[in-house]
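Protein chains: 2
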Amino acid sequence: MKRALPVTREDNFPEWYQAVVDQADLAETSPVRGCMIIKPWGWGIWELVQASLDADIKRTGHENCYFPLFIPLGFIAQEASHVEGFAKEMAVVTHHRLKVVDGKLVVDPASELEEPLVVRPTSETIIGDAFRRWVSSYRDLPILINQWANVVRWEMRTRMFLRTTEFLWQEGHTAHATREDALEETLKMLEVYRALAEDVLAMPVVVGEKPESERFPGAEATFSIEAMMQDGKALQAGTSHYLGTNFARAQNIRYQSAAGDLEFCHTTSWGVSTRLIGGVIMTHGDDDGLRLPPRIAPKQVVIVPMLREKPEDAEVLAYCERLEAEIGKLSAFGQPLRVKLDNKPARSANKRWDWVRRGAPILLEVGPRDMASDQVTLIRRDKLRDGDKIVSQGILRSGFLERAPDLLAEIQANLYAEAKARLDGNIRSDFEDFEAIAAYFGAAAEDDEARSSFRGWARAPWARPTGGELEAVEARLKALKLTLRNVPTGRQAPLDAACVFTGRPAVEEILIARAY
Amino acid sequence: MKRALPVTREDNFPEWYQAVVDQADLAETSPVRGCMIIKPWGWGIWELVQASLDADIKRTGHENCYFPLFIPLGFIAQEASHVEGFAKEMAVVTHHRLKVVDGKLVVDPASELEEPLVVRPTSETIIGDAFRRWVSSYRDLPILINQWANVVRWEMRTRMFLRTTEFLWQEGHTAHATREDALEETLKMLEVYRALAEDVLAMPVVVGEKPESERFPGAEATFSIEAMMQDGKALQAGTSHYLGTNFARAQNIRYQSAAGDLEFCHTTSWGVSTRLIGGVIMTHGDDDGLRLPPRIAPKQVVIVPMLREKPEDAEVLAYCERLEAEIGKLSAFGQPLRVKLDNKPARSANKRWDWVRRGAPILLEVGPRDMASDQVTLIRRDKLRDGDKIVSQGILRSGFLERAPDLLAEIQANLYAEAKARLDGNIRSDFEDFEAIAAYFGAAAEDDEARSSFRGWARAPWARPTGGELEAVEARLKALKLTLRNVPTGRQAPLDAACVFTGRPAVEEILIARAY
Chain A
40 MKRALPVTRE DNFPEWYQAV VDQADLAETS PVRGCMIIKP WGWGIWELVQ
90 ASLDADIKRT GHENCYFPLF IPLGFIAQEA SHVEGFAKEM AVVTHHRLKV
140 VDGKLVVDPA SELEEPLVVR PTSETIIGDA FRRWVSSYRD LPILINQWAN
190 VVRWEMRTRM FLRTTEFLWQ EGHTAHATRE DALEETLKML EVYRALAEDV
240 LAMPVVVGEK PESERFPGAE ATFSIEAMMQ DGKALQAGTS HYLGTNFARA
290 QNIRYQSAAG DLEFCHTTSW GVSTRLIGGV IMTHGDDDGL RLPPRIAPKQ
340 VVIVPMLREK PEDAEVLAYC ERLEAEIGKL SAFGQPLRVK LDNKPARSAN
390 KRWDWVRRGA PILLEVGPRD MASDQVTLIR RDKLRDGDKI VSQGILRSGF
440 LERAPDLLAE IQANLYAEAK ARLDGNIRSD FEDFEAIAAY FGAAAEDDEA
490 RSSFRGWARA PWARPTGGEL EAVEARLKAL KLTLRNVPTG RQAPLDAACV
540 FTGRPAVEEI LIARAY
Chain B
40 MKRALPVTRE DNFPEWYQAV VDQADLAETS PVRGCMIIKP WGWGIWELVQ
90 ASLDADIKRT GHENCYFPLF IPLGFIAQEA SHVEGFAKEM AVVTHHRLKV
140 VDGKLVVDPA SELEEPLVVR PTSETIIGDA FRRWVSSYRD LPILINQWAN
190 VVRWEMRTRM FLRTTEFLWQ EGHTAHATRE DALEETLKML EVYRALAEDV
240 LAMPVVVGEK PESERFPGAE ATFSIEAMMQ DGKALQAGTS HYLGTNFARA
290 QNIRYQSAAG DLEFCHTTSW GVSTRLIGGV IMTHGDDDGL RLPPRIAPKQ
340 VVIVPMLREK PEDAEVLAYC ERLEAEIGKL SAFGQPLRVK LDNKPARSAN
390 KRWDWVRRGA PILLEVGPRD MASDQVTLIR RDKLRDGDKI VSQGILRSGF
440 LERAPDLLAE IQANLYAEAK ARLDGNIRSD FEDFEAIAAY FGAAAEDDEA
490 RSSFRGWARA PWARPTGGEL EAVEARLKAL KLTLRNVPTG RQAPLDAACV
540 FTGRPAVEEI LIARAY
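Right under this line is the structure:
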């Protein structure tokens, strides 16, 4: 079975992932350790994700701002758990000048900063400092802001989009008068993320609360959306944090209540990043490359003229140009349909496969015969093959123009349905005890292959252990390369079920999985 | 004459500028030296500038990408003049970890990087490195890319928007087969910047080439748009550089020509930044605050209900809500009209002045009497006063709805015309010699005030001196705090004119001004 990528998902999932990133022209490694170059096709996807999410962030009452890239070292130290969580992995600016010594460019030792600056790994502290200045009365609350920014976390092992030293994200930060208001905000943005993942990226997720040990450093509660990749691993695709009054106490963010008392604000923060693109790849990609949900495809329809260096080429090209103009007048998902005529000088077959690998949802191939019968040859990227054969279909030009928006909606829905079936079909909950879970994930298997083959997730009764008891649970899981994902929202533990870890009565269920 | 700002332009222009930044709620200083916090109203302006320019950048065939924030020190050293131009002012990352020592958070000495990383002051070198990999044949050319990014230049004296350590910009980078193609690109993007400045920001500019001494480090030619601020100083508002083959030679960016030869690419780069917002302030602001051209006003129409804590308040509010919905259905400049009902609990008069200071183009005040006669009271920010008196006008609701888009276009045109008259009326060219120019700019004046009072620009015949001769010219100007701005495009030197500096026959004219 010849496929467009040099490696299949089954052969080697990590290599397949990297092959998609390369061959779909999404990104490439840079000479800077752990930092990537996002190429136009990858950036185009991110622009569409941004546009959709930005509209939702504004619709829910938030305003965008911009805060400094650098954070004074002293700020990081203000919130104790925050320090602990982040202290080990930051880029630190210590000097501000270079100079030439013996013909060589070096750091000028005389330019050492009095206080080192950290390149922001996240902005709670620098934004909290502004909140302190901005808030004085309950009338100033809530403060609802967001920024689109680059952040840096010095990662030892990096992987394109999933974990890079520099990445791009949005970070929302809000301050409220009460715990209730702040929690409502935290959950509202979690729902915005769920809708983004499911409705825009066609990536089904499980919404829930992270266990105590997986909280954001300094948070009272962390919620996440978790998506299942095609290797069965979980990807944390977005998080929303209720920070309680922890940062407010550390940074003295207080307001005067209506009653005249001075109270600490309750704050939240929430973010999603370019990691989402990694999620899209591992949710929808196949052995021919990427498959893009139409809502985030930089080009939704690509026209490839079948030119043969013959006189009729000009006519075919003219036909394609008219077609491009006609399609460009259509709308899909409430926006102008994004169409491209690929008329660069290259073999038609190469162009076809370039667009297949890049995941353009609809390919239209147009040759002299199509033109003669006023039709196009349509290839749907989500249903590319029947066995080994490429599925293409002749369709009247007028018929395509009529159907195109619906067809794109159908592809969007189809990709979602496929992933949703995979997620729902691969969360098992029929485990008697922890040993059964361990056995399922291949702890007993001698070979690495069994350990790492597709296993989906386990859902198990959970008594919500804390402190040392929780640490012991995590240690047992870690030995099996497993992690606690989240406690799905709105799901009850079975009656009388016992926690698989502690044996105590379960109060909820928790998801267990290998994870990125 | 009471005005809404505590200081007038005439009193103290720099303080007036800072007052606008503060009181229009555009930005504030941060605890990080030289870095500012851009607040929602300021960021909203930047988003509109970005959206407009981004569309033009794409329309002219460029694609957006994203390159790393960090540049290895060795890259900066590759292009010799580039080093010289930038070497003195960069943030340098030398370590990648913090640790706690004796309860104090410090930089971990063990985490020193083998090669320091510079926070990008501009990205020619890191992008050129990618071009080297991306280009092999003439068929790969041109490469036309752009990125929106933050950059850092360690500035000793900073001023909000105009010169900050971190700033936001777009930087376009292109590679071409020939000098002609690259020069055409350089000038095409210069024209895009001119159109942005004049048509979108309503800020008239002079387009021209910078003298050799003012070129971008490593460029063969640098072109700029120069705007005249209300204190007569020039603001370089955008630059476009033809880099020749300098960076290509330094970084080995070569292509195989159709004839089979290996040739160096000709590259360009061009950028505009958040500095543009400083230009907008100093072009359009008045003693009551900012005046925003409607095309970049985050809110074009603001409705202020005149509430008096009386029963009819609810009715007035409902009337305003209907009005907001009706206005929101209109279009202006081809986009949905941006309207806001300011219903926050504050005194109406305070709200009025907040929006005056922020520069919202149209204010609608609505009280019970307006409602009773189905009208609104309209205040145009561009024509706020007649003498000391605020000019407001009752207008039927239906009439306003009909006229609103035209009114916004009229305000946009009016702000441009006002600034254009100032620019055109304040470039003097009737100087006999350099002494006359020096005298005009107050070199002879004893007091600082005469030196710094409004003087506009001088335009003088220019023989295009180079090297040491040019250095001498600049030294003479520097003593008077004057600078060479650019050689306006398409303007001939008067017949037989002699260069005011060298006495040799002039080949063109050059602009001389104080500058930001």
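Residue numbers (the numbering used here), protein chains in the order written: chain A, 40 to 555; chain B, 40 to 555.
Backbone N, C-alpha and C fix where the C-beta goes; we use that ideal spot for every residue, glycine too.
- Note on the region 454-519 of chain B: whole alpha helix (DSSP H) runs with a minimum of 4 residues are 473-479, 487-491, 506-518, in chain order.
- For Val341/A, no chain B residue has a Cβ inside 8 Å of its Cβ, as the nearest lies near 15 Å away.
- Segment contact: the region 294-306 of chain A against the region 327-337 of chain A, fewer than three CB-CB distances shorter than 8 Å; contact not assigned.
- Counting only runs of 4+ residues, the alpha helix (DSSP H) found wholly inside the region 84-133 of chain B occupies 112-115, 119-125, in chain order.
- Scanning chain B for C-beta atoms nearer than 9 Å to the C-beta of Asp168/A yields Ser69, Pro70, reported in chain order.
- Per the Cβ contact rule, the region 55-72 of chain B is in contact with the region 100-111 of chain A (3 or more Cβ pairs under 8 Å).
- Asp325/A has Gly328/A as its beta-bridge partners, per DSSP.
- Close CB contacts of Pro107/B within its chain, under the 7 Å cut and outside five residues either way in sequence, are with Ile165 (chain order).
- What Ala116/A touches in chain B, judged by beta-carbon distance under 7 Å, is Leu144, going in chain order.
- Within the region 249-264 of chain B, no residue has its Cβ closer than 8 Å to any Cβ of chain A.
- Considering only Glu128/B, Thr284/B, Leu362/B, the residue with the shortest C-alpha distance to Thr197/B is Glu128/B.
- With a cut-off of 8 Å on Cβ pairs, the region 203-214 of chain B is in contact with the region 184-193 of chain B, counting three or more such pairs.
- Segment contact: the region 280-296 of chain B against the region 495-502 of chain B, fewer than three CB-CB distances shorter than 8 Å; contact not assigned.
- A check of alpha carbon separations from Arg293/B across Ser308/B, Ala216/B, Met321/B, Tyr358/B identifies Ala216/B as the nearest.
- Rounded to whole angstroms, Asn525/B and Ile551/B show a C-alpha spacing of 8 Å.
- Excluding its 5 nearest sequence neighbours in each direction, Gln290/A has C-beta neighbours in its own chain below 8 Å: Gln117, Glu118, Thr164, Gly167, Asp168, Phe170, Arg171, listed in chain order.
- Chain B places no beta carbon closer than 9 Å to that of Ile450/A, leaving this residue out of the contacts.
- In this structure, DSSP gives Gly211/B an extended state, which the three-state scheme calls strand.
- Around the beta carbon of Gly247/A, 16 or more other beta carbons lie within 10 angstroms, which makes this residue buried.
- Against chain A, a Cβ distance below 8 Å from Asn103/B picks out Pro79, Trp82, Gly83, Glu86.
- The shortest C-alpha to C-alpha distance from Ala477/A to any of Glu123/A, Arg553/A, Pro45/A, Glu548/A is the one to Arg553/A.
- Among the residues facing chain A, Pro155/B is included, as its CB has a counterpart in that chain under 9 Å away.
- According to DSSP, Leu380/B shares a beta bridge with Ile342/B.
- Contact annotation for Pro111/A against chain B: Pro70, Val71 [CB-CB distance below 8 Å, chain order].
- If you look at Ala287/A, you'll find it in the alpha helix (DSSP H) that goes 285-290.
- Going by beta carbons, Leu462/B and Met267/B fall inside the 9 Å limit.
- Sequence-distant partners of Glu154/B (beyond 5 residues in either direction) whose C-beta falls short of 7 Å from its own C-beta, in its chain, are Pro111, Leu112, Gly113.
- Beta-bridge partners of Ala58/A (DSSP): none assigned.
- What Cys74/A touches in chain B, judged by beta-carbon distance under 9 Å, is Phe106, Pro107, Leu108, Phe109, going in chain order.
- Scanning Tyr455/B, Gly495/B, Asp445/B, Ala452/B for the CA closest to the CA of Ile466/B turns up Gly495/B.
- With a beta-carbon spacing of about 17 Å, Gly81/B and Leu92/B fall beyond the 8 Å limit used to define contacts.
- Cβ contact annotation for Lys272/B (same chain, cutoff 7 Å, sequence separation greater than five): Ala552, Arg553, Ala554, Tyr555, in chain order.
- Residues of the region 174-197 of chain A with a C-beta less than 9 Å from any C-beta of chain B: Arg178, Ile184, Gln186, Ala188, Asn189, Val191, Trp193, listed in chain order.
- Inclusion of Asn103/A and Pro79/B in the CB contact set at 9 Å is warranted, their separation being smaller than that value.
- With a contact defined as Cβ atoms closer than 8 Å, Gly318/A and Leu356/A miss out at about 38 Å.
- When secondary structure is reduced to three states using DSSP, Val46/B falls in the coil class, being assigned neither helix nor strand.
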